[in-house]
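Residue numbers (UniProt numbering), protein chains in the order written: chain S, 1 to 628; chain P, 1 to 628.
Written out below as structure tokens is the structure these notes cover.
Number of protein chains: 2
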Amino acid sequence: MEDQISKISDAANRMRISSIEQTAKANSGHPTSSCSAAEIVATLFFSEMRYSVKEPKHASADRFVLSKGHACPILYAAWEEAGLLTREQVLTLRKLNSDIEGHPTPRLSFIDVATGSLGQGLSCAAGMAYTGKYIDNASYRVYCLLGDSESAEGSVWEAAVGGKIPVLGNETSFASYYKLDNLVTIVDVNRLGQSRETMIGHDLFTYAKRFEAFGFNSIIVDGHDVADLLKAFDEARKVTGQPTAIIARTLKGKGIEGVEDKDNCHGKPVTLDKAEIIASKLGNKTAKNSWELENLIDDAPEVDFEIGKIKMSSPPNYQIGEKVATRLAYGNALVKLADTSKRIIALDGDVSNSTFSDKVLNKYPQQFVQCFIAEQNMVGVAVGMSCRGRTIPHASTFAVFFTRAADQIRMGAISFANVKFAGSHAGVSIGEDGPSQMGLEDLALFRAVPNSIVLYPSDAVSTEYATELAANYKGITFTRTGRPNTPVIYPNDEKFEIGKCKVIRQTNEDKYLLIGAGVTLYECIKAHDILSSEGIQVAVIDIFSVKPLDNQTLIEQAERVGGKVLTVEDHYQTGGIGEAVSLALGDVPNVRVRSLCVKEIPRSGTPDELMDLYGISAKKIIAAVKNY
Amino acid sequence: MEDQISKISDAANRMRISSIEQTAKANSGHPTSSCSAAEIVATLFFSEMRYSVKEPKHASADRFVLSKGHACPILYAAWEEAGLLTREQVLTLRKLNSDIEGHPTPRLSFIDVATGSLGQGLSCAAGMAYTGKYIDNASYRVYCLLGDSESAEGSVWEAAVGGKIPVLGNETSFASYYKLDNLVTIVDVNRLGQSRETMIGHDLFTYAKRFEAFGFNSIIVDGHDVADLLKAFDEARKVTGQPTAIIARTLKGKGIEGVEDKDNCHGKPVTLDKAEIIASKLGNKTAKNSWELENLIDDAPEVDFEIGKIKMSSPPNYQIGEKVATRLAYGNALVKLADTSKRIIALDGDVSNSTFSDKVLNKYPQQFVQCFIAEQNMVGVAVGMSCRGRTIPHASTFAVFFTRAADQIRMGAISFANVKFAGSHAGVSIGEDGPSQMGLEDLALFRAVPNSIVLYPSDAVSTEYATELAANYKGITFTRTGRPNTPVIYPNDEKFEIGKCKVIRQTNEDKYLLIGAGVTLYECIKAHDILSSEGIQVAVIDIFSVKPLDNQTLIEQAERVGGKVLTVEDHYQTGGIGEAVSLALGDVPNVRVRSLCVKEIPRSGTPDELMDLYGISAKKIIAAVKNY
């Protein structure tokens with residue numbers, strides 16, 4: 001035991017030295033935030049965790065999430081100590097051609113989720129732990145290292161939130177509600193933020209009380225005392241029905257003379273020559289230990305799906321003209337995907353009876369995760385559940401409430417996450433609930449995600465196929481659904497593709513091209529019919545795939561009608577269909593684009609009143625065509 | 001006392017009836033969420049609060065924030081009972097021409113902040129309470145009604161977060177850290193969410209423990225017992241150095257037979273005939289009381305600024321060619337604004353030494369609010385501080401971290417808030433820290449805000465004027481600043497305007513128009529110089545005002561050069577300068593637009609390496625011009 005403790009302490013010091021050298025060489029980065037966590041990370045990697053150095057993403061390996069991503073030099077140092085990385089490799093920190101980046105990303109084999117936007121790691125870790133406990137039914141455990149400063153982020157408490165306090169004997173939270181006893185979070189309480197001391201400094205007791213109030217078992221330790229840490233991890237392993245929070249008192253910059261526990265040293269590397277002096281004082285001479293690390297319990301099962309080959313259990317089954325809300329069709333499709341795999345998971349933020357993800361809850365309760373009204377956590381949990389390809393999470397809520405999780409979605413993109421988002425209640429066509437409930441920026445939000453797919457089906461048939469297409473794309477997808485019932489316009493065997501639109505009205509006399517989607521497609525059709533009766537011919541496109549756009553068809557059709565294009569969308573202008581089409585056609589000579597969209601803060605009213613008031617009704621389309 | 005209790009109870013019942021009738025008439029809305037809060041709101045409005053019915057936004061009136069915005073019928077009913085609204089008016093709920101909207105907005109004289117996206121009210125209330133206690137030094141108090149479901153939102157705990165637990169004798173949190181003893185939050189624990197029971201149902205003790213862990217005084221009450229509520233408010237009034245959370249046990253749908261405390265009744269109005277029966281059972285016959293409500297303590301001072309006439313204490317003072325980061329110039333300008341008014345406030349999320357808002361902290365600590373790493377709360381507090389025109393809050397952090405608060409910014413827009421945002425560390429030009437820290441969606445985020453102003457100054461002089469212009473615009477503004485030092489290109493007396501760009505290079509031989517901003521402007525200038533030396537003339541525009549765009553100049557210049565426009569931006573494509581300019585020029589015949597922007601997830605590297613790798617360097621601009 002004494003020997004183990006001193007071996008780990010030595011490893012921590014070597015890792016500390018490596019962190020200092022990495023950042024000194026890069027002349028940027030966060031040595032002080034790394035040094036406070038050296039013993040915590042060393043104890044995890046060289047005693048507590050069971051994993052594979054040869055295969056860091058092994059399905060049965062324990063997971064480690066560095067929520068305080070800026071401390072990544074200590075993580076790189078751990079993998080160096082474990083033998084995966086060489087000193088030369090970690091010394092490429094922050095260089096252009098190196099994946100040893102300034103904040104961790106899954107470009108590295110041992111990273112599941114990108115971190116660096118603070119306070120997000122615990123949600124992802126909770127998603128992994130949920131998957132381990134309930135989907136994989138496997139032994140692997142999940143560890144999440146939090147900074148003390150980042151515990152000010154509400155997302156941390158969303159991840160934790162919900163638990164009855166255990167002293168009442170009612171152990172329940174997200175982490176605690178779901179009894180994630182395979183989850184341990186360690187808070188590195190080094191007292192100092194970037195610009196000043198945190199609100200509560202070294203008041204470990206308050207941190208502990210907070211986690212307890214959210215349903216965690218909590219343990220206070222000296223974060224530089226390996227024996228104390230070993231004991232805490234051991235205790236956490238014995239706790240059942242509850243996650244554990246280890247509150248670790250540490251010193252920022254621990255081991256760096258003149259810097260340790262001092263303010264104004266955040267994100268400041270030491271010089272290379274000073275790094276050498278520190279190294280010699282810390283005992284650089286200690287020989288590197290060889291660790292026996294291929295010790296995981298290989299009990300996670302194979303997954304039961306193959307991306308690219310996922311099919312709904314049956315095709316759409318609607319009548320042309322039947323009125324069905326696209327949100328309902330989404331629910332129908334999701335159940336039909338869940339029919340085919342236990343790992344198609346629906347996540348909800350307490351609106352499943354509006355988004356119709358409750359169809360999964362009703363048929364397959366074990367494939368449904370209720371995340372309550374905590375959208376940031378829902379997205380983080382989904383990102384965590386998608387890691388290592390263990391599940392295909394489908395997170396749905398009102399389109400507008402994804403805005404609450406915009407930063408989690410952004411980080412999900414940097415994590416190369418495979419999450420399917422579906423947002424209902426798009427635009428002013430939701431009617432009476434008013435502007436706070438209207439999705440008017442959601443297309444922009446999801447279009448801005450690099451490599452994302454954004455689908456905007458208009459009827460029930462296309463919605464079902466959109467849902468199936470999304471499930472077969474590896475990456476972030478968004479499907480926009482609507483609240484009102486709209487008629488089915490496509491036969492049940494219509495073929496839809498990512499990146500392809502549908503030209504649904506065209507004649508040889510067309511002089512204008514109308515581009516609609518969802519509710520506005522029906523307004524375009526109405527406008528088409530009236531204009532046609534007046535002798536004005538217009539082509540109509542159902543855009544379906546907002547990203548990628550079907551540039552080829554758009555250009556062909558725009559040129560065919562003589563260049564006058566009008567986009568109509570139930571969305572704000574910024575980042576919407578009008579801007580996307582404008583840029584796509586911006587380089588085509590003699591093509592012009594005008595955009596009808598929502599241009600001000602809407603108000604309550606009926607859907608039809610609002611569509612007209614905000615300029616996206618058939619009437620307003622007709623006026624725009626006549627004034628083109 | 002008995003008499004007062006029964007008067008308030010009667011008022012609560014009348015308000016309950018009004019809520020039921022409003023929603024029955026509208027055939028939509030949330031009667032059950034209203035009824036659980038009837039006694040709480042009645043006790044507040046007819047005993048506890050001091051306000052003015054004649055002038056609801058009186059500077060000295062107590063404030064009420066309905067965080068659970070969907071329960072607005074009970075709030076409309078309270079103002080009906082108080083005499084501000086008539087029954088006819090409240091019965092226009094959710095109609096197009098009525099401001100009695102489905103969720104409350106400041107289109108109504110008695111609403112400070114729009115609610116309806118859950119979990120945001122407490123931050124706004126904390127901002128108001130902070131202003132009352134520290135800026136106004138006035139007697140008014142702030143009350144915030146929270147739903148139990150929404151307490152799952154992390155933003156609630158950001159508002160609360162930070163406090164040492166008072167049993168240790170160390171009263172500090174945001175609300176508790178700043179000792180906001182003029183703030184009372186009431187949690188309406190009606191046990192039921194939209195789709196199911198909340199995680200902890202009627203476990204009042206756990207709610208109380210959570211608020212206590214975040215530094216609040218907590219009181220558990222029966223939320224339908226007026227005597228209990230009166231006592232609790234009285235106790236809260238006596239607590240010093242701490243905010244109070246009143247945890248109220250209530251029943252959803254209280255008073256509606258067959259609906260009270262039942263699941264599946266969220267957002268479902270009763271029929272009009274049933275409303276009548278309920279009304280008669282509840283005692284509709286009680287005569288309306290006349291209340292004496294003009295009882296505020298008029299001690300809030302006049303403000304010391306006038307929007308439109310705010311000037312920096314001195315003009316910019318730089319040398320042409322001097323290298324200054326625009327973030328530094330922002331800090332300089334902010335101090336010069338703070339020189340002129342005690343109500344120019346800087347808000348920070350623990351990065352003030354990077355955004356340079358610490359210049360205000362250093363000179364005027366009382367005009368600086370540290371919000372720690374909790375961006376959602378920072379934005380909510382700023383929105384709250386701007387209410388009633390009490391202050392002009394300037395919230396700054398890294399541009400990318402405003403994405404964390406995207407939903408708060410969205411709700412700020414619906415609140416018609418007057419908040420100045422400034423985001424530093426824009427784009428890949430921040431370099432080594434990597435993608436998690438790079439603002440690449442911030443222009444889209446703020447452009448999407450209706451009526452917003454988005455300024456993107458390129459040098460120190462224009463940044464100072466941008467900051468002054470923003471302070472004089474009533475509404476949401478965003479100023480984008482950069483991390484690297486860039487040369488000053490404008491004289492100190494250059495004139496800048498919202499909606500005006502600067503043509504900084506032009507000849508009669510120009511064949512292309514380059515549009516840049518910030519770091520890319522300098523790349524455009526470099527490209528211009530090289531191209532010019534090769535005999536290829538290009539005009540260069542500094543866009544400065546991204547929203548509104550200077551359409552007139554853009555069109556004139558695009559046509560003048562023959563129609564070939566190239567935008568260059570350190571931002572993703574979606575909602576950025578390229579798309580904005582494309583749509584602005586989309587309807588101009590013979591003008592083409594191409595866009596250079598960041599198109600994938602970036603990585604770590606030096607700023608120059610990254611700008612070249614992602615296609616926005618002078619070299620890549622030159623290639624794009626030659627291939628146009």
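By construction, the Cβ of each residue, glycine as well, lies at the ideal position given by its N, Cα and C atoms.
Asked, Found
"Beta carbon proximity, residue 353(P) to chain S, threshold 8 Å", "yes"
"Cβ shell of residue 397(P) (< 8 Å), same chain only, five flanking positions each side left out", "348, 349, 351, 355, 375, 378, 423, 424"
"Limits of the unbroken alpha helix (DSSP H) element including residue 367(P)", "It is not in any alpha helix (DSSP H) - residue 367(P) carries neither H nor E in the DSSP assignment."
"Where residue 570(P) sits in the DSSP three-state scheme", "strand"
"Residues that residue 327(P) bridges to, as DSSP identifies them", "Residue 327(P) pairs with nothing; no bridge assigned."
"Enclosing alpha helix (DSSP H) for residue 127(S) [first to last residue]", "121-130"
"Alpha carbon of residue 631(P) to alpha carbon of residue 571(S), nearest angstrom", "Not covered by the structure: residue 631(P). The range shown for chain P is 1 to 628."
"Proximal residues to residue 613(P) (C-beta, below 6 Å), its chain only, five neighbours per side dropped", "none"
"CB-CB length for residue 81(S) against residue 26(S), believed under 8 Å", "19 Å between Cβ atoms; not a contact."
"Close-in-space but distant-in-sequence residues of the same chain around residue 591(S) (CB under 7 Å, 5 per side omitted)", "558, 559, 563, 565, 585"
"Residue 24(P) beta carbon less than 8 Å from that of residue 78(P)", "no"
"Inter-residue Cα distance where the pair is residue 191(P) and residue 201(P)", "4 Å"
"Chain-order list of residues whose beta-carbon lies under 6 Å from that of residue 7(P) (same chain, five-residue window excluded)", "289"
"Residues, ordered as in the chain, of the segment 124-158 of chain S that lie near chain P by beta-carbon distance below 9 Å", "147, 149, 150, 151, 152, 153, 154, 155, 156, 157, 158"
"Terminal residues of the alpha helix (DSSP H) in which residue 394(S) lies", "Looking at the DSSP string, residue 394(S) is not in any alpha helix (DSSP H); the run it does join, the beta strand (DSSP E), is 392-398."
"Whole-angstrom distance between residue 541(S) and residue 524(S), CA atom to CA atom", "9 Å"
"Inter-stretch contact (C-beta, 8 Å, three-pair minimum) for the segment 14-23 of chain P and the segment 608-626 of chain S", "no"
"In DSSP terms, what residue 485(P) is bridged to", "325(P)"
"Status (buried if at least 16 other CB within 10 Å, exposed otherwise) for residue 314(P)", "exposed"
"Interface flag, residue 101(S) vs chain P, CB-CB below 8 Å", "yes"
"Whole-Å CB distance - residue 344(S) paired with residue 392(S), under 8 Å assumed", "5 Å"
"Contact set between residue 629(P) and chain S, taken where Cβ atoms lie within less than 9 Å", "No information on residue 629(P) is available, as it lies outside the stretch 1 to 628 that chain P covers here."
"Any chain S beta carbon closer than 8 Å to residue 637(P)", "Lying outside 1 to 628, the shown extent of chain P, residue 637(P) is not represented and no answer is given."
"CA-to-CA distance, residue 35(P) to residue 13(P), given in whole angstroms", "9 Å"
"Residue nearest to residue 536(S) in terms of C-alpha spacing, selected from 510(S), 215(S), 238(S)", "510(S)"
"Within 8 Å of chain P by C-beta, residues of the segment 25-43 of chain S in sequence order", "26, 28, 29"
"Burial state of residue 578(S), where buried means 16 or more other Cβ atoms lie within 10 Å", "buried"
"Test: residue 480(S) CB closer than 8 Å to a CB of chain C", "Included in the structure are the protein chains S and P, with no chain C among them."
"Selection from 418(S), 90(S), 92(S), 489(S) that minimises the alpha carbon distance to residue 522(S)", "489(S)"
"Classification of residue 272(S) by the beta-carbon crowding that lies within 10 angstroms, buried from 16 upward", "exposed"
"Opposing strand residues paired with residue 144(S) [DSSP bridges]", "65(S), 185(S)"
"C-beta atoms of residue 22(P) and residue 66(P) nearer than 8 Å", "no"
"Cross-chain neighbours of residue 426(S) in chain P, by beta carbon under 7 Å", "Those do not exist, as residue 426(S) stays about 15 Å from chain P at its closest Cβ, beyond 7 Å."
"Interface residues of chain P facing residue 88(S) [CB-CB closer than 8 Å]", "Those within 8 Å of residue 88(S) in chain P number zero; the least Cβ separation is about 17 Å."
"Euclidean distance between Cα positions of residue 220(S) and residue 204(S)", "7 Å"
"Interfacial residues, the segment 103-123 of chain P to chain S, with Cβ spacing under 8 Å", "103, 105, 107, 114, 115, 116, 117, 118, 119"
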